[in-house]
């Protein structure tokens, strides 16, 4: 999306945030002067938690894509620059510049179609890890299943 100015982008982002927050918290958002700082801190902490959980089981998450799990153990692994399978998930046809709608966000990274956007098995595993913890990947989740909870391990 393109905005006419940085101020327009900020206003749009604020409106989206306001829309996402439950209505009973709107007044608190407006009154509490440190809301932006508190919100930023909370989002940053949660992002860090999510990244830590994903990094810890990246090999399992990306297993169906036949990537070498050791690629995810180091941030500076030089092999990432030349790994064609990995680049195909991050760039269109694995070449050129990085794009915002990376192929890994689609069910079939080689055929990026609108009806398959955000339905990638990788994303589904990430959401399940966030909701149920890493143990959902092993199938060793004990206890009664909540309504809507997956009843079998992810493959």
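Numbering (this note's numbering), first residue to last: 449 to 603.
In this text, a Cβ means the ideal position worked out from N, Cα and C, and glycines have one as well.
These numbers come from a predicted model, not from an experiment.
Sixteen is the threshold: since fewer than 16 other Cβ atoms of the shown chains lie within 10 Å of the Cβ of residue 499, the residue is exposed. Of all C-beta pairs linking the segment 534-545 to the segment 461-476, fewer than three are shorter than 8 Å, placing the two stretches out of contact. As the crow flies, the alpha-carbon of residue 564 is around 21 Å from that of residue 577. Taking the Cβ atoms as the reference, residue 549 lies roughly 17 Å from residue 534, outside the contact range of under 8 Å. Note on residue 568: 16 or more other CB atoms within 10 angstroms of its CB, so buried under the neighbour-count rule.
Inclusion of residue 509 and residue 457 in the CB contact set at 8 Å is not warranted, their separation being larger than that value. The DSSP assignment places no complete run of the beta strand (DSSP E) inside the segment 473-517 (cut-off: 3 residues).
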